[in-house]
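Peer 1: Under this note's numbering, think of the first position of the sequence shown as 2, with each following residue one higher. Below you will find the structure I want to go over with you.
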Amino acid sequence: MDPIIEVKGLIKNFGTVRALDGLHLSVVPGEVHGFLGPNGAGKSTAIRVLLGLLRADSGTVRLFGRDPWHDAVALHRRLAYVPGDVTLWPKLTGGEAIDLLGGLRGGINAERRAELLERFKLDPTRKGHTYSKGNRQKVALVAALAADVDLLILDEPTSGLDPLMELVFRETVREATERGTAVLLSSHILAEVEVLCQRVTIIRDGRDVQTGTLSDLRQLTRSNVILDADIGSEELAALPVVHGLSEDAGQLRFSVDDGGMGTVVEALAGREVRALSATPPSLEELFVHHYEDTVDVGPDAVAGSARAGAHENAAAQEGRGR
2 MDPIIEVKGL IKNFGTVRAL DGLHLSVVPG EVHGFLGPNG AGKSTAIRVL
52 LGLLRADSGT VRLFGRDPWH DAVALHRRLA YVPGDVTLWP KLTGGEAIDL
102 LGGLRGGINA ERRAELLERF KLDPTRKGHT YSKGNRQKVA LVAALAADVD
152 LLILDEPTSG LDPLMELVFR ETVREATERG TAVLLSSHIL AEVEVLCQRV
202 TIIRDGRDVQ TGTLSDLRQL TRSNVILDAD IGSEELAALP VVHGLSEDAG
252 QLRFSVDDGG MGTVVEALAG REVRALSATP PSLEELFVHH YEDTVDVGPD
302 AVAGSARAGA HENAAAQEGR GR
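Here's what the structure looks like:
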């Protein structure tokens, strides 16, 4: 399938600061693609480039095979965007805001609109200024999900929603993909990404550091093993594929390199194995693996946070000035 989103070697600078540094990203029809990275990694800048709010300095950016900077108006009829912090017109009702946003895309599915209002427990007759953050988020979600679009770009879409509404969100996203809609999902809720996404791209310092299915990515790190067997810890620790071995209440706990379980099983041949569990790494562990050397609360981390804020402010101002 031809990708709906195709980004190759994307570079975006704000003065002397490079916010995107050769980013690659591809999203195909019908998939939910997770876009992961901490604040300041470049996710929001990349999304603004995709929306045609920022112009790339170099590289290739295509939505539906077209340039989002030059063809933004036409492309926005085929996509819906939900930010993590929704601002509504204060004197319009939620229903009026939904219809206005839908009208920008050529209309919405009235039956789906009514169903989504019920599922998200949203009162469409209230004025925008009376809504809580969570209800403002629901307005944007209903407007996006009720539209017949080919692409949803969701940037922290469940911010402010309670756990029950997060479940509703997941169900509605699955339904959208069943209709063939592609979804680019930027989220800090790794459990949400793990449940919804077929593929993920992890971004760091403006460049993609890992892309693939969750199964592919899990093959790149060690599995966690808990073993209760008739074998000495020294014998296991001597295996080159075994790491971090410890003993707790008679059980051996350790991690095994990708492809190393066969070596462990061979060592257990002929032994009494009372219990054995091997767990692949979670998405959270994969994510931390790429950022563990940057988890810091010292001066460097503060400086990095300041630079990230500068990136976002510059991006917002350039987008508004267009």
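All C-beta atoms, glycine included, are put in the ideal place defined by N, C-alpha and C. For clarity, every value in this text was computed on a predicted model and none was experimentally measured.
Please name the residue, chosen from Ile190, Val150, Leu165, that lies closest to Val184 on a Cα-to-Cα basis.
Peer 2: Among Ile190, Val150, Leu165, the Cα nearest to that of Val184 belongs to Val150.
Peer 1: From Ala302 to Val194, what does the alpha carbon distance come to, in whole angstroms?
Peer 2: Confidence at Ala302 is low in this model, with a pLDDT of 40, below 50, so its placement is unreliable and the value that follows should be read with caution. Straight-line Cα distance between these residues: approximately 26 Å.
Peer 1: State the Cα-Cα distance for the pair Asn225 and His34, rounded to the nearest angstrom.
Peer 2: In a straight line, the C-alpha of Asn225 is about 26 Å away from that of His34.
Peer 1: My guess is that Ile48 and Asp156 are in contact by the Cβ rule of under 8 Å, so how many angstroms apart are they, rounded?
Peer 2: Rounded, the Cβ-Cβ distance is 6 Å, consistent with contact.
Peer 1: Short of 6 Å in beta carbon distance, which residues of its chain neighbour Cys1, apart from the five on each side in sequence? Order them along the chain.
Peer 2: Because the chain is modelled from 2 through 323, residue 1 falls outside the range shown and cannot be assessed.
Peer 1: Put Gly10 into one of helix, strand or coil per three-state DSSP.
Peer 2: Gly10 falls in the strand class under three-state DSSP.
Peer 1: Could you tell me if Pro282 is buried or exposed, where buried requires 16 or more neighbouring beta carbons within 10 angstroms of its beta carbon?
Peer 2: The residue in question, Pro282, is buried, as its Cβ has 16 or more Cβ neighbours within 10 Å.
Peer 1: Just the Cα atoms here: how many angstroms apart are Thr126 and Gly95?
Peer 2: The alpha-carbon atoms of Thr126 and Gly95 are separated by roughly 6 Å.
Peer 1: Which term fits Asn136, buried or exposed, when burial requires 16 or more other beta carbons within 10 angstroms of its beta carbon?
Peer 2: So Asn136 ends up on the buried side.
Peer 1: Rounded to whole angstroms, what's the CA-CA distance from Glu179 to Val169? Just pull it up for me.
Peer 2: Using only the alpha carbons, I get a separation of about 16 Å.
Peer 1: According to the Cβ coordinates, are Val50 and Leu26 closer than 7 Å?
Peer 2: Not closer than 7 Å, so no.
Peer 1: Can you find the residues in the same chain that come closer than 6 Å, C-beta to C-beta, to Gly85, ignoring five residues on each side of it along the sequence?
Peer 2: Closer than 6 Å at the Cβ level, and outside the excluded window around Gly85, lie Asp156, Glu157, Ser160.
Peer 1: Which first and last residues belong to the alpha helix (DSSP H) in which Thr178 is found?
Peer 2: Residues 164–179.
Peer 1: Let me check one thing: in DSSP terms, what residues is Gln252 bridge-paired to?
Peer 2: In the DSSP output, where bridge partners are listed per residue, Gln252 has Asp249.
Peer 1: Excluding the five sequence neighbours on either side, which residues of its own chain have a C-beta within less than 8 Å of the C-beta of Thr173, listed in chain order?
Peer 2: Taken in chain order, the residues that qualify are Leu117, Arg120, Leu142, Leu146.
Peer 1: Do you know offhand how far Leu21's Cα is from Glu267's?
Peer 2: Each residue's Cα considered, the two are about 47 Å apart.
Peer 1: Please check the pair Arg205 and Ile232, which I expect to be a contact at CB under 8 Å, by giving their CB distance rounded to whole angstroms.
Peer 2: Arg205 to Ile232, Cβ: 39 Å. No contact.
Peer 1: Candidates Gly16, Leu246, Thr222: which alpha carbon is nearest Phe288's?
Peer 2: Closest by alpha carbon: Thr222.
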